[in-house]
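To start, the structure under review is shown below, and the notes come after it.
There are 2 protein chains.
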Amino acid sequence: MNSFSSDMRTAVLVEFGKVVIYGVGLIGGSFALALKAARAVGEVVGFGRRPVVLARARELGVIDRAGAHLAQELADADLVLAATPVGQLPAVLEQIAPHIGAHTVVMDGGSTKEDVVRAAYAAFGGRIGQFVPAHPVAGTENSGVAAAKSDLFWCRKVVLTPLPENGAGSLERAKRAWRLCGAEVCELTPAQHDRVFAAVSHLPHLLAFALVRDLAERPDAPLFFDFAASGFRDFTRIAASHPEMWRDICLANRAALLREIDAYQKQLRDFKAALQENDGASLEQGFTVARRARRAWGEKTEDGAVVARPL
Amino acid sequence: MNSFSSDMRTAVLVEFGKVVIYGVGLIGGSFALALKAARAVGEVVGFGRRPVVLARARELGVIDRAGAHLAQELADADLVLAATPVGQLPAVLEQIAPHIGAHTVVMDGGSTKEDVVRAAYAAFGGRIGQFVPAHPVAGTENSGVAAAKSDLFWCRKVVLTPLPENGAGSLERAKRAWRLCGAEVCELTPAQHDRVFAAVSHLPHLLAFALVRDLAERPDAPLFFDFAASGFRDFTRIAASHPEMWRDICLANRAALLREIDAYQKQLRDFKAALQENDGASLEQGFTVARRARRAWGEKTEDGAVVARPL
Numbered sequence: 399m400n401s402f403s404s405d406m407r408t409a410v411l412v413e414f415g416k417v418v419i420y421g422v423g424l425i426g427g428s429f430a431l432a433l434k435a436a437r438a439v440g441e442v443v444g445f446g447r448r449p450v451v452l453a454r455a456r457e458l459g460v461i462d463r464a465g466a467h468l469a470q471e472l473a474d475a476d477l478v479l480a481a482t483p484v485g486q487l488p489a490v491l492e493q494i495a496p497h498i499g500a501h502t503v504v505m506d507g508g509s510t511k512e513d514v515v516r517a518a519y520a521a522f523g524g525r526i527g528q529f530v531p532a533h534p535v536a537g538t539e540n541s542g543v544a545a546a547k548s549d550l551f552w553c554r555k556v557v558l559t560p561l562p563e564n565g566a567g568s569l570e571r572a573k574r575a576w577r578l579c580g581a582e583v584c585e586l587t588p589a590q591h592d593r594v595f596a597a598v599s600h601l602p603h604l605l606a607f608a609l610v611r612d613l614a615e616r617p618d619a620p621l622f623f624d625f626a627a628s629g630f631r632d633f634t635r636i637a638a639s640h641p642e643m644w645r646d647i648c649l650a651n652r653a654a655l656l657r658e659i660d661a662y663q664k665q666l667r668d669f670k671a672a673l674q675e676n677d678g679a680s681l682e683q684g685f686t687v688a689r690r691a692r693r694a695w696g697e698k699t700e701d702g703a704v705v706a707r708p709l
Numbered sequence: 399m400n401s402f403s404s405d406m407r408t409a410v411l412v413e414f415g416k417v418v419i420y421g422v423g424l425i426g427g428s429f430a431l432a433l434k435a436a437r438a439v440g441e442v443v444g445f446g447r448r449p450v451v452l453a454r455a456r457e458l459g460v461i462d463r464a465g466a467h468l469a470q471e472l473a474d475a476d477l478v479l480a481a482t483p484v485g486q487l488p489a490v491l492e493q494i495a496p497h498i499g500a501h502t503v504v505m506d507g508g509s510t511k512e513d514v515v516r517a518a519y520a521a522f523g524g525r526i527g528q529f530v531p532a533h534p535v536a537g538t539e540n541s542g543v544a545a546a547k548s549d550l551f552w553c554r555k556v557v558l559t560p561l562p563e564n565g566a567g568s569l570e571r572a573k574r575a576w577r578l579c580g581a582e583v584c585e586l587t588p589a590q591h592d593r594v595f596a597a598v599s600h601l602p603h604l605l606a607f608a609l610v611r612d613l614a615e616r617p618d619a620p621l622f623f624d625f626a627a628s629g630f631r632d633f634t635r636i637a638a639s640h641p642e643m644w645r646d647i648c649l650a651n652r653a654a655l656l657r658e659i660d661a662y663q664k665q666l667r668d669f670k671a672a673l674q675e676n677d678g679a680s681l682e683q684g685f686t687v688a689r690r691a692r693r694a695w696g697e698k699t700e701d702g703a704v705v706a707r708p709l
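If you read the protein sequences in the order shown, they are chains A and B. One point on numbering: in this note's numbering, the residue at position 222 of the first sequence is 620, and numbering is uninterrupted. One point on numbering: in this note's numbering, the residue at position 190 of the second sequence is 588, and numbering is uninterrupted.
Printed below as a string of structure tokens:
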């Protein structure tokens, strides 16, 4: 009787009987915690390079157990999230693809999409319809499973870049999973995605890294850091991000990022020329365009605090 | 009896009998409010270009009255703060200098110092010892008297760039005023000041303006802004700053800022070359230098939240 009613409850509430997370860091761990908080998952099994991370993830209640045999665990998995740094995704997808079950939906959590899609076609072959490319827009300068939290995706956008081969079933299950995490699901093509994020995310990271590095390598660096204040703090917050992760993202989205650097260099040369020519009108006009756009964006998004209402 | 004890109290508590604020915006208004909160001022008299701003400042209790005759008000002023945008400071100092009393100490609140010092020598002539150049490091992307608050300088640095002509008395009174506002007083030479702030403040503003302008002027700008998230928010917060004020600062600190732009362009070319050559090791190494420096700075300053303990 008890076992019957418990089974009934499970059948009603649990949308994903078994979820496999490959790479249990900030994104993978938060995805697991969010699905657990929504009571939408039966069991979460973790895989990854470092056993110590998986042990910690278990201690924290992020995963239910560390998996031992990938092939065995994937065969009856409902959902797989490959959430490693993007540089490792091709190899990880190669490992995953041969073993998935007929109903398994696989997603990645990478910040770039064209390269992931290329790797996915190579890895999945005829099963490519089961792979739905995903990018949860919810990174922070912190990383690792200890930073994972169940509300990381709450009110955040998740961009899916569906493939022509994705059936309605796979796509709907992917969307459902992210909505259960409290996210707003959007769709772009992989090329659109990479162009947009090169401009609004990858370039700003590169620019912030460049500024801090420029100061850090000076012989009198402490003098500069001593007088850095709140403007510097916010501008450079993302320069505290994970170097390996951002190396991978920059390389993965190289072509789009190089185009953005070119456009930005031109913009900077314009301001520099205005400064050299003491052309205050051009400077003020350029600053005004920027200020107006930034204020409008801030008002629309409550200064980025709430990007969307979930569900 | 009542009037006697009230006078006694005034004599004990009020360090500055009369303070004149020329330019009652965020900085000038906050200076007035902070001295009032410290019960260190007898009367605050405001001057400025726009009568409506002075009326508003009076309504808000920031100034006690708007001044009518500058010469008359300055003759017995203990302290004058010229807190207009830096572009207007030369003209303002010209207006102020001829009328100050023998014991008046004049400060500016400008974000650049070499140009202000040049203008001050021209304006004050033999009275230059009464002018103490000051830069309270406490701007925000908001401006105007409505944003003024008594704790704006609390735990913030105020950089003085004393002149050889400043007597100990003038300098001590300048320091005392800012410490009463809760600030930590530091000293630099004008040239040091301008070099440091070109790097940690003026350049980041220019870079943030450049990024937002680059996006705002694209035909498909909304697509980009739609997907901008928290990294973009913080990186570009300072791009919402006041265009006229920043035009003035950039022009006033042109030489140092141009040198910083050159250094930054070189840094950006380095990252771009690494990206073109698919040189992940160089990227990661550069990012690591930046991350380490940014984390160390963040820990030392509680991520910039508290720059110093006051008093």
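C-beta atoms are modelled at their ideal positions from N, C-alpha and C, and glycine is treated no differently.
Run through chain B and tell me which residues come within less than 7 Å of TRP695 of chain A, C-beta to C-beta. PHE623, ALA626
Look up PHE414 of chain B in the DSSP assignment and say whether it is helix, strand or coil. strand
Rounded to whole angstroms, how far is the Cβ of ALA517 of chain A from the Cβ of PRO488 of chain A, which I believe are closer than 8 Å? Rounded to the nearest angstrom, the Cβ distance from ALA517 of chain A to PRO488 of chain A is 4 Å, consistent with a contact under 8 Å.
Cβ of ARG692 of chain B within 8 Å of any chain A Cβ: yes
Answer with buried or exposed for ASP405 of chain B, where buried requires no fewer than 16 other C-beta atoms within 10 angstroms of its C-beta. Low confidence applies to ASP405 of chain B: its pLDDT is 48, below 50, so where it sits in the model is not reliable, and the reading given next is rough at best. So ASP405 of chain B counts as exposed.
Closer than 7 Å by C-beta to ASN564 of chain A: which residues in its own chain qualify, once you throw out the five before and the five after it? Chain order, please. GLY527, VAL530
When the Cβ atoms of the region 618–627 of chain B are set against those of the region 585–600 of chain A, are three or more pairs found closer than 8 Å? The answer is yes - the region 585–600 of chain A touches the region 618–627 of chain B, with three or more Cβ pairs under 8 Å.
Element boundaries [alpha helix (DSSP H), containing VAL450 of chain A]: 449–457
Along chain A, which residues have their Cβ under 9 Å away from the Cβ of HIS603 of chain B? Under the 9 Å cutoff, chain A gives GLY629, PHE633, PHE685.
Could you tell me which of A:LEU479, A:GLN683, A:ASP462, A:LEU666 sits nearest to PRO641 of chain B, measuring between CA atoms? A:GLN683
Have a look at ALA455 of chain A and ILE461 of chain A and give me their C-alpha separation to the nearest angstrom. Straight-line Cα distance between these residues: approximately 6 Å.
For LEU655 of chain B, go through chain A and note every residue whose CB falls closer than 8 Å to its CB, in chain order. LEU673
For LEU491 of chain B, which residues from the same chain have a beta carbon less than 6 Å from its beta carbon, with the 5 sequence-adjacent residues on both sides left out? ALA517, ALA518, ALA521
Run through chain B and tell me which residues come within less than 7 Å of ARG611 of chain A, C-beta to C-beta. GLN665, GLY684, VAL687, ALA688
What first and last residue would you give for the alpha helix (DSSP H) that runs through PRO602 of chain A? 601–614
Identify, in the order they occur along the chain, each residue of the same chain with its Cβ nearer than 6 Å to the Cβ of CYS579 of chain A, setting aside the five sequence neighbours on each side. Within the same chain, CYS579 of chain A has close Cβ partners ALA432, PHE551.
Would DSSP call LEU641 of chain B helix, strand or coil? Sequence inspection shows Pro at residue 641 of chain B; the Leu mentioned does not correspond to that position. If DSSP states are grouped into helix, strand and coil, PRO641 of chain B belongs with the helices.
Going by C-alpha to C-alpha distance, which of B:SER639, B:ILE494, B:ASP474 sits closest to ALA481 of chain B? For the residues B:SER639, B:ILE494, B:ASP474, the minimum Cα distance to ALA481 of chain B belongs to B:ILE494.
Exposed or buried, which one is GLN665 of chain B when buried takes at least 16 other CB atoms within 10 Å? buried
Do ARG657 of chain A and LEU673 of chain B have their C-beta atoms closer together than 8 Å? no
Is the CB-CB distance between VAL412 of chain A and ALA430 of chain A below 8 Å? no
Return the CA-CA distance between VAL687 of chain A and VAL422 of chain B, expressed in angstroms with no decimal places. 26 Å
Since ILE553 of chain B meets chain A, which of its residues come closer than 8 Å, beta carbon to beta carbon? It is Cys, not Ile, that sits at residue 553 of chain B in the sequence shown. What CYS553 of chain B touches in chain A: nothing, since even the nearest Cβ is about 11 Å away.
Please report whether the beta-carbon of SER428 of chain B lies at a distance below 8 Å from any beta-carbon of chain A. So, not an interface residue.
Where CYS648 of chain A meets chain B, residues with beta-carbon distance less than 9 Å: Within chain B, the residues placing a beta-carbon under 9 Å from that of CYS648 of chain A are PHE669, ALA672, LEU673, GLY678, LEU681, PHE685, ordered along the chain.
Which residue or residues does DSSP assign as beta-bridge partners of HIS533 of chain A? HIS533 of chain A pairs with A:VAL557.
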